[in-house]
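For the protein sequence lines, the chains are F and D, in the order given.
At position 3 of the first sequence the residue is numbered 3 (the working numbering), and the sequence of numbers has no breaks.
At position 66 of the second sequence the residue is numbered 66 (the working numbering), and the sequence of numbers has no breaks.
No residue lacks a Cβ here, since even glycine has one placed at the ideal position from N, Cα and C.
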Amino acid sequence: MPFDYRRAPDPESAVAAATGWSGVAFLAGGTNLVDHLKLGLVAPDVLVDISRLPLDAVDELPDGGLRVGATVRNTDLAAHPVVRRDYPVLARAVLSGASGQIRNLATTGGNLLQRTRCVYFQDITTPCNKREPGTGCSAIGGYTRHHAILGASAHCVATHPSDMAVAMAALDAQVAVLGEGGRRVVPLVELHRLPGDEPHRDTVLSPADLITWVDLPPLPPGTRSLYRKVRDRASFAFALVSVAAVLRVERGVVRDVRIALGGVAHKPWRARRAEDVLRGERTGEEVFRRAIDAELAGAAPLAGNGFKVPLTRNLVVSALRELSRGER
Amino acid sequence: MDGEIELRVDGRRRRLRVDTRTTLLDALRDGVGALAPKKGCDHGQCGACTVLLDGRRAITCLALAVAHDGAEVTTAEGLADGERLHPVQEAFLERDALQCGFCTPGQVCSAVGVLDELAAGHPSAVTADLTGPVEATDDEVRERMSGNLCRCGAYVGIVAAVRDGAR
C-alpha cells in the first residue's frame, strides 16, 4: 500500500507528525522497517523520516558517562574512541551485529526497536500472535532453535534479536523518550516487554514516542566488560545465545557485577539472580556456576532449543572467568 | 504518493520522480539506469546491491529513495575512470576474485569501504585490541566482507584482492 512520507526538521515536529495516526512508523536507517514493508508485516499510512534529525552525536557527559544520539549510526558508535576505551562490551556487541554495510545505515534507536527474527513472525502465511493478535503461535510445536528459554508465554516464544541492547542492558543505560506528553526517561531494561498475553507489544512505547538518545552511566575505574556471542556461523548471524558482562573485582571479591543475556528471551535479559549470588563473593569457578544455575533454574526450553541451557551456562562462566583473570 | 528527488550518481546529477515505496536500489537501476548495483536477495542479506552512499558502503535494497534525496552515490561503475579501473577492481582481476560476476560490483564497493574503514582505524568483531591499530589480515578481511555473499565461492580470491588493495 502507498504511504505518505514526511521529513521532520526537529524531534518535536517528528512527534507531532506521528501523533494521531495508528499506522505510523519512524524511519531512520530503514534496514528493518523497509524489509517489513516488503514482507507485508506492516502497512503504515505515514512514515516520518527522522534520519536527518540532529541526534547523531556521541557526547561525553559531565558525570563521565556518554550520551548516544538516537540516529548515531552503529558504525560510528562502535568506532567512537570513548566507547572503544571505556565501554568495550558495547563496541564488541555492535560490531558483532549485522554487516558493515548495514551498520553504516542502522541507528541506535532503530537497533533498540528492531523486531524479532522469528521465522513465523516474518512469514505472513503462518499464524503469529505478535503479528496478528489472537491467531496463535506457530513456533510453539514448530521450529524453535532461535527461540526463548526464559520469560516466554503460551502466546509467544520469540526472542529480541539485538546485540547492542544486551550490552546496554548490562550498562544500566537510560533511554530518553519524547512523546505527546513531553520528555521521560525509561531504563533500558524496562524498555522491552516480556510477551505475556500481548506479544504484539514489543516495548512500553506508544507509536508517537520517539527515542531521542541513550545515556550510558560512567563505569568506576577497574571495571572490566566484554561481550560474547555464539551463533550458527562465524559472522553476520543473529545470536543463539550472547552475554554482556560487566565486572569489578577488588582483592578477589566481586564488588559490581552486571550480566545481560541475548537470544534467550523476548527482551535483553538481566540475570539479576546470578548477580545476587555473585555480589560480595570471592571470584571462582564454583560460584560462577552456582550463579548462572540460579538464573537458569527458571529456564523452560522448547523442543528445539534445549541446547541453549548448557550453552548459556558455559558462556556466562567463561565470560566471568575471563573478566576475573589476573584479579587478586 | 510520489516524491521528487535529486541524486548524484557516479558524478552525474540526476533528478527523478519516485513513488515513496521505491528503494534506492530500484531508483538507481530503473530510474537512473545505473545497473552496476545488483538485486540479489532484496532483503539486506547478500550485499549485491552495495554502493558507496555519501562515501560509505551501504546496501541500497533496504533504503528508501525519498529518504536519500540529495545523496552522492558511487557504484562500481563510477569507481573506474572510464577504461582505467580502480586499484581494487584491478586486484579482483589479478586475483581471479570472481566467477559469474553477479556479486562483484557489490564486492568491489564493499572492499573500497573496508579499506577506508581500515585506514580510519575502525576495529571489527575479530580485532583483538579495540584501541590498537588494525591490519588487513585474512581474518579481518573475512569478517569485514561477511555482508557480501558469493555463491560461486570465489572467497579465497576476494580476500587476496582486498588485502592487495590495502597495500
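Excluding the 5 residues flanking it on each side, V89 of chain F has same chain C-beta neighbours closer than 8 Å at A167, A170, L171, S225, L226, Y227, A244, A245, V246, in chain order. Among the residues of the stretch 44-62 of chain D, those with a Cβ less than 7 Å away from any Cβ of chain F are G44, G47, T50, R56, R57, A58, I59, L62, in the order of the chain.
Residue state for R270 of chain F is assigned as strand, using DSSP reduced to three classes. The stretch 16-92 of chain D contains, as complete beta strand (DSSP E) runs of 3+ residues, the segments 51-53, 56-58, 72-74 (chain order).
Among the residues of the stretch 92-112 of chain F, those with a Cβ less than 8 Å away from any Cβ of chain D are R92, L95, S96, A98, S99, G100, Q101, I102, N104, L105, in the order of the chain. Contact with chain F is found for E143 of chain D, since one of that chain's Cβ atoms lies less than 7 Å from the residue's Cβ. Closer than 7 Å to the CB of L64 of chain D there is at least one CB belonging to chain F. Per the coordinates, the alpha-carbon of I5 of chain D lies some 11 Å from the alpha-carbon of L24 of chain D. The beta carbon of R290 of chain F is closer than 8 Å to those of V277 in its chain, skipping five residues each way along the sequence. Within the DSSP bridge table, the entry for H192 of chain F names F:T203 as partners. Residue range 74-79 is occupied by the alpha helix (DSSP H) that includes L77 of chain F. Check the Cα spacing between R15 of chain D and each of D:M1, D:C41, D:V32, D:R21: the tightest is with D:V32. The beta carbon of L191 of chain F sits closer than 7 Å to those of L112, V175, T203, V204, all from its chain and outside the five residues before and after it, given in chain order. Between A65 of chain D and A106 of chain F, the alpha-carbon positions lie close to 16 Å from each other.
As a beta-bridge residue in DSSP terms, A176 of chain F pairs with F:V185, F:W213.
Taking W269 of chain F as the centre and dropping the five residues before and after it, the same chain places the C-beta of L150, L261 closer than 6 Å to its C-beta, in chain order. Rounded to whole angstroms, V42 of chain F and G44 of chain D show a C-alpha spacing of 18 Å. Note on geometry: alpha-carbon atoms of D138 of chain D and I50 of chain F lie some 38 Å from one another.
In terms of Cα proximity to R313 of chain F, the closest of F:N104, F:G182, F:V241 is F:V241. Taking one beta carbon from each stretch, the stretch 74-81 of chain F and the stretch 74-87 of chain D have fewer than 3 pairs nearer than 8 Å; the two do not touch. Following the DSSP letters along the chain, one finds K38 of chain F inside the alpha helix (DSSP H) bounded by residues 33-39. Sequence-ordered contacts of the stretch 102-135 of chain D with chain F read G106, C109, S110, G113, V114, E117, A120, G121, H122, P123, S124, A125, V126, T127, L130, T131 [C-beta pairs closer than 9 Å].
Rounded to the nearest angstrom, the Cβ distance from L28 of chain D to G113 of chain D is 17 Å, too far for a contact under 8 Å.
Nearest Cα to L7 of chain D within the set D:T74, D:A58, D:A91: D:T74. In the three-state scheme derived from DSSP, where H, G and I count as helix and E and B as strand, G69 of chain F is classed as strand.
Here DSSP, grouped into helix, strand and coil, assigns Y155 of chain D to helix. 7 Å or more divides the Cβ of E281 of chain F from the Cβ of V316 of chain F.
The CB of A79 of chain F comes closer than 9 Å to the CB of E117, A120, G121, H122, P123 in chain D, given here in chain order.
Identification of chain D residues near T31 of chain F by a Cβ-Cβ cut-off of 9 Å yields G44, I59, L62, A63, ordered along the chain. Per DSSP, reduced to three states, the secondary structure at E281 of chain F is coil, with no helix or strand assignment. Annotation: G3 of chain D is outside any alpha helix (DSSP H); the continuous beta strand (DSSP E) that includes it extends over 2-9. Closer than 7 Å to the CB of S51 of chain F there is at least one CB belonging to chain D. Under the three-state reduction of DSSP, A169 of chain F is assigned to helix. The C-beta separation of P44 of chain F from V24 of chain F comes to about 6 Å, placing the pair in contact by the 8 Å criterion. Collapsing the DSSP output to three states places D163 of chain F in coil. According to DSSP, residue pairing for I259 of chain F in a beta bridge involves F:A245.
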